[in-house]
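Note that the protein sequences, when read in sequence, are chains A and B.
Start counting the first sequence at 1; every next residue gets the next number (this note's numbering).
Start counting the second sequence at 307; every next residue gets the next number (this note's numbering).
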Amino acid sequence: MTTLSQAMRLKSGLASRRSRRSAGSAYPYWFFLPGAVIFSVLFLIPTFASFYFAFTRWDFFTIQFIGWDNFVMFFKDPQLMRGFTNTLIYGVLTSGLKVVLGLALAVLLTSNITARGYLRAVIFFPVLVSTIGVGITFRALLDPFHGLVNKTLAGFGITGPGWLTDPNLALYSIIGVDVWKGVGLATLIYMAGIVAIPRDYYEAASIDGATGWKNFWSITVPLVAPATTTVIILSLIGGLRSFDLIWATTRGGPGFASDVIASVIYKQYQAGYYGLSTAGNVILFVVVTAIVLPLFLWFNRKQTDL
Amino acid sequence: MTLDWLQGTGVQTNIDIAQALATAFHKKNPDITIKVDPSGGSGPDLDNLVKTRLATGEMSDLLWYNSGSLLASLNPNKTLLNVSDQPWVKDLDPSFLKVVSGSKGAVFGAPLQGADIGGILYNKPLYDQLGLKVPQTWDEFMDNNKAIKAAGKTAVEQTYGDPWTSQLLQLGDFYNIYSADKNWASKYTANKAKFATTPEGVRSFENVQDLAKGGFFNKDFASATLDDGLRAVANGDAGHYPMFAGLYTSLLKTAPDKVEDIGIFAVPGDNASKNGATVWMPPAVYAPSNTKHPDAVKKFLAFVASKAGCDAILSATTTGTLLVKGCTLPNNAPGVIKDTLPYFKSGKTVPALEFLSAVKGPNLASLMVEVGNGTLSGAEAAKQYDQDVEKAAQQLGLPGW
């Protein structure tokens, strides 16, 4: 090595370190303080406080430490196992459907079809509407005898089922409504991913004689992998925690057929078992973290490999 | 001044009663206006709202709420205004006094209706048309059901659109549990008797299962509401509807000419001679202990527990035996209420379990819905309800659980 190239490398190393340091200290650290305070007070502290309260029997007046009893009682609850399986079904199905439908719609909406802008607005619109409003509306629409859906089906001679009143169907109806409401966001994320793919790949592929289908599987899908990760993680977290839609449509009914962990916890809160529902929330936190965190790390590792 | 009164939605009768009392009181006390706020939700939502507001000290001046064990869940000794020093307390029927009392002789509420019976409403013209008689045993009831079904009508109306209504048959059956063992309620409270291990207890759950299996329910049982059910039994589309007698009042608005077409009988057991009715003590009006207008509120409670109060209540509804001395039922009470009087007169009544025991599991309605739609067997539901009750008792910290 010549001293000149050594010197040049040293200089560039110093320069990059300097630029790195200046990039790091562009804002003094205390700029983060307001955000950190809000985050701590509203999220961190209550989360850790709930870890303590989960071990107590408490109401607004008294606290009584009872150890693991709340957790034992929560797991002995016969409805809980059904709540768990329902939660997993709900999370996985909504996530999967949003990925598949979101990507399909994104491909459609980034191609050259007429009224593309209008369709994009229509698909995204449900994301903006209140979840409770959607729940109440669909509760009326899906009424087995007076609802618009079954009345329309009757016009075609089909007797519609009890969408929200059949215990075997209720959860899946709600999943359908959830996907209808949330697919717009997945589509949006995918659209951003698709338009970021350089045209060159498609041009090169068309020179090689690739069909649309091959284009899709070999170019589009691999290159929107970051978007797929985002959609899966976000929709899985939302799906596992889902409460508003289920409560607004069926309140976990009929009976316990569409209960998920969040509605089980809410019912215990309603009954005044505050300690028990706090324990339930801690369990939900642990479950969601246990599912999503490994998934997140696995995706990230895949991405850096890519 | 204005007093606010928190009221639940969903049962028009209760709102009408509150409004009638507020109007009548204002006439006598023009300087006090009572505003009835009927936005409190229904069932568990109302429960939730009341408990939270009491706990945070933000309750309105007056509130409508159940008596008995449900009152106990509000922690009344801490949260409600004690009115035991008021002169009208001695005018209360002793059985009612018991269900609005707390520890150390505290009394909290004045009754908003008479005592009511939870039984089976039936359509009188349909009975006449098919030549049916009021059943004294469960088997006779099932025979009537078969006849009604054969005539193309709904035998038993169910309305799970309002899930709380699913409990009526099971709760109304309590007289039959009581007649087999008069001390069952205290054993149950002490964790010494369970539904699943008491034959009559299991029966109260399996009855619904038998009705469901026999195909006696209405087509829309899973989504119909309380008002749908009342209308169905009043119109003769359904023969039977398990419900409280006192809730006929919504028919006064929706089907006033059909009100006299319904009657009521107690849920039958297996022994005709041991037939009796399960009685619900009425809800009461209470005030929070931190109310800003204790004197005005006490004046109102005194009004409610007086003849003038009874008259106001009677203008909105008529239910069973009134529980304040000096109040009597008018002669033009509708037939369904007159049907309840023989039970009271003969003494063949028992307060429902929730008035004899502080323990009530919160999931009974959901469990009965599952029995009604075939998801759970009656025996399994009884077992799960026992577990639900156990959880409630442990959360209340009751001894022996």
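Beta carbons are placed, not taken as given, at the ideal position from N, Cα and C, and that holds for glycine.
Since this is a predicted model, take the numbers as computed values, not measurements.
In the structure shown, the three-state DSSP call for A:R57 is strand. Apart from the 5 residues on each side of it in sequence, A:R251 has no Cβ closer than 6 Å to any other Cβ in its chain. Interface criterion met: the Cβ of B:P668 is under 7 Å from a Cβ in chain A. Around the beta carbon of B:Q435, fewer than 16 other beta carbons lie within 10 angstroms, which makes this residue exposed. Under the DSSP assignment, A:W180 falls in the alpha helix (DSSP H) whose first and last residues are 170 to 195. Around the beta carbon of A:Q64, fewer than 16 other beta carbons lie within 10 angstroms, which makes this residue exposed. Of all C-beta pairs linking the stretch 289 to 300 of chain A to the stretch 321 to 336 of chain B, fewer than three are shorter than 8 Å, placing the two stretches out of contact. Contact between B:Y466 and B:S472 holds: CB atoms are separated by about 6 Å, below the 8 Å threshold. Under the 7 Å criterion on CB atoms, A:D208 is classed as non-interfacial with respect to chain B. In this structure A:Y29 is exposed. Its beta-carbon is surrounded by fewer than 16 other beta-carbon atoms within 10 angstroms. Going by beta carbons, A:S258 and A:Q268 fall outside the 7 Å limit. For A:G135 and A:W247, the gap between their C-alpha atoms comes out near 8 Å. From the listed residues B:A502, B:T584, B:A608, the smallest Cα separation to B:P648 is found for B:T584. Here B:L558 has V565 as same chain residues with Cβ atoms under 7 Å from its own Cβ, once five neighbours each way along the sequence are excluded. The C-beta of B:P505 has fewer than 16 other C-beta atoms within 10 Å across all chains shown, which makes the residue exposed. If you look at B:W370, you'll find it in the beta strand (DSSP E) that goes 368 to 371. In this model, B:E686 and A:F74 are separated by some 19 Å (Cα to Cα). Chain A has a Cβ within less than 7 Å of the Cβ of B:E676. Nearest in C-alpha terms to B:D479, of all of B:L659, B:G458, B:A561, is B:L659. Cβ contact annotation for B:V675 (same chain, cutoff 6 Å, sequence separation greater than five): Y466, P469, S472, in chain order.
Annotation: B:W370 to B:A590 spans about 6 Å, alpha carbon to alpha carbon.
In this structure A:W217 is exposed. Its beta-carbon is surrounded by fewer than 16 other beta-carbon atoms within 10 angstroms. Counting C-beta pairs closer than 8 Å gives fewer than three between the stretch 573 to 580 of chain B and the stretch 357 to 374 of chain B, which falls short of the contact rule. Taking one beta carbon from each stretch, the stretch 639 to 655 of chain B and the stretch 453 to 464 of chain B have fewer than 3 pairs nearer than 8 Å; the two do not touch. In the pairwise beta carbon analysis, the stretch 613 to 623 of chain B is classified as not touching the stretch 514 to 529 of chain B: fewer than three pairs are separated by under 8 Å.
Under a criterion of Cβ atoms nearer than 9 Å, the residues of chain A adjacent to B:Q693 are, in order, K76, D77, P78. Near chain A, meaning a CB-to-CB distance below 7 Å, the residues of the stretch 506 to 527 of chain B are D526. For a Cβ distance threshold of 7 Å, residue set Q701 of chain B lies close to A:Y273, ordered along the chain. For B:P657, the uninterrupted beta strand (DSSP E) run begins and ends at 655 to 657, by DSSP. Within chain A, the residues placing a beta-carbon under 9 Å from that of B:D353 are Q270, A271, G272, ordered along the chain.
Of all alpha-carbon atoms in B:L386, B:K396, B:G374, B:W394, the one lying nearest the alpha-carbon of B:V405 is that of B:G374.
In the three-state reduction of the DSSP assignment, B:G425 falls in the strand class, which pools E and B.
With 16 or more other CB atoms across the displayed protein chains lying within 10 angstroms of its CB, B:I643 is buried.
Contacts between A:P167 and chain B, judged by CB atoms closer than 7 Å, involve N679, T681 in chain order.
Distance from the CA atom of B:N489 to the CA atom of B:I483, rounded to whole angstroms, is 10 Å. Taken in chain order, the unbroken stretches of alpha helix (DSSP H) that lie wholly in the stretch 343 to 424 of chain B and span 4 residues or more are 350 to 362, 375 to 378, 382 to 385, 400 to 405.
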